[in-house]
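Peer 1: The listed protein sequences correspond, in order, to chains A and B.
Take 14 as the starting number for the first sequence in this note's numbering and just add one per residue.
Take 14 as the starting number for the second sequence in this note's numbering and just add one per residue.
Take this structure, written in structure tokens, and hold onto it; I'll ask about it next.
There are 2 protein chains.
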Amino acid sequence: MRERVTVCEVGPRDGLQMAKSRMSTAVKTRWIAAMAESGVPEIEVGSFVSPRLIPQMSDTAEIVRRAVLLPRVIIVALAPNLRGAQEAYAAGAHRISVPVSVSEGHSRANLNRTPDEQVAEVARIVSWVRGQDRPMEVEGACSTSFGCSFDGRVATASVVRVAVELAAVGVDMVALADTVGYAHPSLIRSVVRAVRGEIGARLDGLHLHDTMGLGIANALAGLEEGIRNFDAALAGLGGCPFAPGASGNIVTEDLVFMLESMGFDTGIDLDRLIRARDILAEGLPAEALHGQVSVAGIPKTFRVAA
Amino acid sequence: MRERVTVCEVGPRDGLQMAKSRMSTAVKTRWIAAMAESGVPEIEVGSFVSPRLIPQMSDTAEIVRRAVLLPRVIIVALAPNLRGAQEAYAAGAHRISVPVSVSEGHSRANLNRTPDEQVAEVARIVSWVRGQDRPMEVEGACSTSFGCSFDGRVATASVVRVAVELAAVGVDMVALADTVGYAHPSLIRSVVRAVRGEIGARLDGLHLHDTMGLGIANALAGLEEGIRNFDAALAGLGGCPFAPGASGNIVTEDLVFMLESMGFDTGIDLDRLIRARDILAEGLPAEALHGQVSVAGIPKTFRVAA
């Protein structure tokens, strides 16, 4: 029995919202379906934000409605506020991810709220969601947990405080996000340990960017600290709004290659996953695709995926 | 006191020998000097192989003669046989690295010898070197220690056997090379442990490629197993002859960023090191340069380099 590690594909949300051009709803639907068919167990398909702010996400309700019809995949949507959560619920999302910036600077720039105000918003969301007929999971995602392009270093105590508050208001799970890609393996270890020390397994996920080339090494550090849920984006789509030209989320294909090589079970057919890059390239022909395994080819020593 | 980790820059050897075009001796000299001035403590500057086979390396003797005049840097040259070792000695190299393929297939393709025949050649080299007036270190580099594009998986017992034989014939240090980039963190850990179990600290280095995107994660795994010497190439120069388009050695700048971030002392000024990419780009304008920190910029949270 191999131990399970869950990979949540966030390309359709975090990747596309940074893309220079816009992927059509039709291609997006096919792309999400192809990844689900390769065995990806969770996909964050969009964001319920103002279409004025992020036009790439204006079809999120339609995308969620289509994606939840796919079998065996958890469909996640980002919702920054109660209104977004209500729209996600109406579209049938299985889970929402609600961002809470740990740093003041990022919180004001991204959400126009203080961290405390956003925690209060999460409380309202949880309360509303629990009052509905159908269950919908709520994840609290702690942005800038490992550094902030505005505020610089972020104190571990601040991350712990936000995580504890999110647990207290009743989110189902907490994730730590390296929003701007400043993390390194020692920091991953120390912050994960500190948060786990307070909220235990409620901390279940890491959202990592490869901005400085350490994304996969940071995932390894998290894995060794017991994290079993990682966000990643096919072809490392996306980037960092604060570092033009920088690479985006960690590359799903390379992460899966590492996890399966190390003996973990992701449930993903790596060969089929890599073929889903073709749809991405078709839908966003101008976008740079990252990733190494897809270029080099799966080596003959690779274990056959489950 | 921060713990020291030594980075050996191998771009001028492993990077350039894979390059499509040829860097002039003048630019190569300036590039090596710039890296040395940034604090890189060891540089593998070339290879004493037949200029017919690898024309990019035909000026290695001249490059070594110039490089050994630089202060505070160990100048290394690759020497596949006794003749190459003698040429390296004549040019004044401080150290030679002698490759020994662990796998039969790679050994025959790369050296036209069996692994046993190449170990015997290393014995002749060590014997000859020890008879000279000036000391020159001899490193035995175990190629294909983590997999082979010809033979597939490589048994850990085979790696241990070659490493033990190299130690027995008296090399100063042994390095394990992931020549084709098939390694993953668990394999790094188990092979390093097995070899260390037999020859202890004589195993001191890892030579890693980023072919599958796991290079820096593999370095982290080696670091956690006690390895304190890593080969890397500026801008991840080079590639893999068996995987066209694949990336090359792990990126020196990103590795240094990780090590310094984690509190290790590399002795390297990261900002100056990144500026040495300009000379590389000038000397090889057609070559793709890899690496993330150089694109994203050193974040404000980075510790000031020593």
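Where a beta carbon is used, it is the ideal one built from N, C-alpha and C, also for glycine.
1. Tell me whether Phe159(B), by its Cβ, gets closer than 6 Å to a heavy atom of the ligand SAH.
2. Might you give, ordered along the chain, the residues of its own chain that have their beta carbon closer than 6 Å to the beta carbon of His220(B), omitting 5 neighbours on each side?
3. With 7 Å set as the bound, which would you pick, yes or no: does the beta-carbon of Phe163(A) sit closer than that to a beta-carbon of chain B?
4. Output, in sequence order along the chain, the residues in the stretch 269 to 294 of chain A whose CB is closer than 7 Å to any CB in chain B.
5. From Gly239(A) to Ser71(B), what distance separates their C-alpha atoms?
6. Check whether the Cβ of Gly31(A) lies closer than 7 Å to any Cβ atom in chain B.
7. Beta carbon of Pro128(B), beta carbon of Ser120(B): below 7 Å?
8. Report buried or exposed for Glu16(B), applying the criterion of at least 16 other Cβ atoms within 10 angstroms of its Cβ.
9. Going by the beta-carbon positions, is the gap between Ala47(B) and Ala294(B) smaller than 7 Å?
10. Can you pull the chain A residues whose beta carbon is under 8 Å from the beta carbon of Leu221(B), in chain order?
11. Distance check for Leu268(B) and Ser260(A), CA to CA, integer angstroms please.
12. Express the C-alpha separation of Asn242(B) and Val18(B) in angstroms, rounding to a whole number.
13. With 16 as the cutoff for other CB atoms within 10 Å, does Asp146(A) come out buried or exposed?
14. Determine the burial state of Pro68(B): buried for a count of at least 16 other Cβ atoms within 10 Å of its Cβ, exposed for fewer.
15. Answer with yes or no whether the minimum CB distance from Asp267(A) to chain B is below 7 Å.
16. DSSP state of Ile311(A), grouped into three classes?
17. Can you give, in chain order, each stretch of the beta strand (DSSP E) that sits fully within the stretch 28 to 79 of chain B and has at least 3 residues?
18. Express the C-alpha separation of Leu66(A) and Val204(B) in angstroms, rounding to a whole number.
19. Closest to Leu83(A) by C-alpha separation, out of Ala103(A), Ser63(A), Arg96(A), Ile56(A), would be which residue?
20. Ignore the nearest five residues each way along the sequence and tell me which others in Leu302(B)'s own chain have a CB closer than 8 Å to its CB.
21. Kindly list the residues whose CB is nearer than 6 Å to the CB of Met225(A), restricted to its own chain and excluding five residues on each side of it in sequence; keep chain order.
22. Let me confirm a value: Arg96(A) is counted as buried when at least 16 other C-beta atoms fall within 10 Å, else exposed. Which label applies?
23. Classify Met275(B) as buried or exposed, calling it buried when 16 or more other Cβ atoms lie within 10 Å of its own Cβ.
24. So Asp244(B) is in the beta strand (DSSP E); what residue range does that whole segment cover?
25. What is the DSSP secondary structure of Met186(B), reduced to helix, strand or coil?
26. Reducing DSSP to helix, strand and coil, say where Ala319(B) ends up.
27. Going along chain B, which residues have a C-beta under 8 Å from Thr169(A)?
28. Spell out whether any CB of chain A is found under 7 Å from the CB atom of His197(B).
29. Look up Val20(B) in the DSSP assignment and give the residues it is bridged to.
30. Of all Cβ atoms in chain B, is any one closer than 7 Å to the Cβ of Ile240(A)?
31. In this structure, how does DSSP classify His119(A) when only helix, strand and coil are distinguished?
32. CB Arg85(B) to CB Ser60(B), shorter than 7 Å?
33. For Met271(A) and Ala74(A), what's the separation of their Cα atoms in angstroms?
34. Is it buried or exposed, Arg143(A), if we count other Cβ atoms within 10 angstroms and call 16 or more buried?
35. How about Ala259(A): is its C-beta nearer than 7 Å to some C-beta of chain B?
36. Can you pull the chain B residues whose beta carbon is under 7 Å from the beta carbon of Arg166(A), in chain order?
Peer 2: Straight from the coordinates:
1. By its list of ligands, the structure shown contains no ligand whatsoever, and the ligand SAH lies outside what it can speak to.
2. Within the same chain, His220(B) has close Cβ partners Ala188, Ala190, Asp244.
3. It does not: the Cβ of Phe163(A) has no partner Cβ on chain B nearer than 7 Å.
4. Listed by position, the residues of the stretch 269 to 294 of chain A near chain B (Cβ gap below 7 Å) are Phe270, Met271, Ser274, Met275, Gly276.
5. Cα to Cα, Gly239(A) sits roughly 50 Å from Ser71(B).
6. With the sequence shown as reference, residue 31(A) is identified as Met, and Gly is not the correct amino acid for it. Closer than 7 Å: no.
7. Cβ distance < 7 Å, so Pro128(B) and Ser120(B) count as in contact.
8. The residue is exposed, with fewer than 16 neighbouring Cβ atoms inside 10 Å.
9. No, Cβ-Cβ distance for Ala47(B) and Ala294(B) is not below 7 Å.
10. Listed along chain A is no residue with a C-beta nearer than 8 Å to that of Leu221(B); the closest approach is about 12 Å.
11. If I take the Cα positions, the gap works out to 16 Å.
12. Their backbone Cα atoms lie some 6 Å apart in a straight line.
13. Counting C-beta atoms within 10 angstroms of its own C-beta, Asp146(A) has fewer than 16 neighbours from the protein chains shown and is therefore classed as exposed.
14. Within a 10 Å sphere around the beta-carbon of Pro68(B) sit fewer than 16 other beta-carbons, which makes this residue exposed.
15. Closer than 7 Å: yes.
16. DSSP places Ile311(A) in coil when its eight states are reduced to three.
17. Secondary structure remark: continuous beta strand (DSSP E) runs of at least 3 residues inside the stretch 28 to 79 of chain B, in chain order: 55 to 60.
18. So the two alpha carbons sit approximately 51 Å from each other.
19. The candidate whose alpha carbon is nearest that of Leu83(A) is Ile56(A).
20. Exclusion of the five residues before and after Leu302(B) leaves Ala248, Gly249, Leu250, Arg290, Leu293, Ala294 as the residues of its chain whose Cβ lies within less than 8 Å of its Cβ.
21. Excluding positions up to five away in sequence, the list reads Gly194.
22. By the Cβ neighbour-count rule, Arg96(A) is exposed, with fewer than 16 other Cβ atoms within 10 Å of its own.
23. It is buried - the Cβ of Met275(B) has at least 16 other Cβ atoms within 10 Å.
24. Its beta strand (DSSP E) spans residues 242 to 245.
25. Note: Met186(B) maps to strand in three-state DSSP.
26. Below a pLDDT of 50, predicted positions are generally treated as unreliable, and Ala319(B), at 36, falls in that range; the measurement from the model is reported next regardless. Note: Ala319(B) maps to coil in three-state DSSP.
27. Residues of chain B passing the Cβ test: none, with the nearest at roughly 13 Å.
28. Taking 7 Å as the CB threshold, His197(B) lines the interface with chain A.
29. In the DSSP output, where bridge partners are listed per residue, Val20(B) has Phe243(B).
30. Contacts with chain B at 7 Å (Cβ-Cβ) do not include Ile240(A).
31. Note: His119(A) maps to helix in three-state DSSP.
32. Not closer than 7 Å, so no.
33. Those two C-alpha atoms are separated by around 33 Å.
34. When all chains shown are included, Arg143(A) counts as exposed.
35. Yes - at least one Cβ of chain B is within 7 Å of the one on Ala259(A).
36. Chain B residues near Arg166(A): Thr314.
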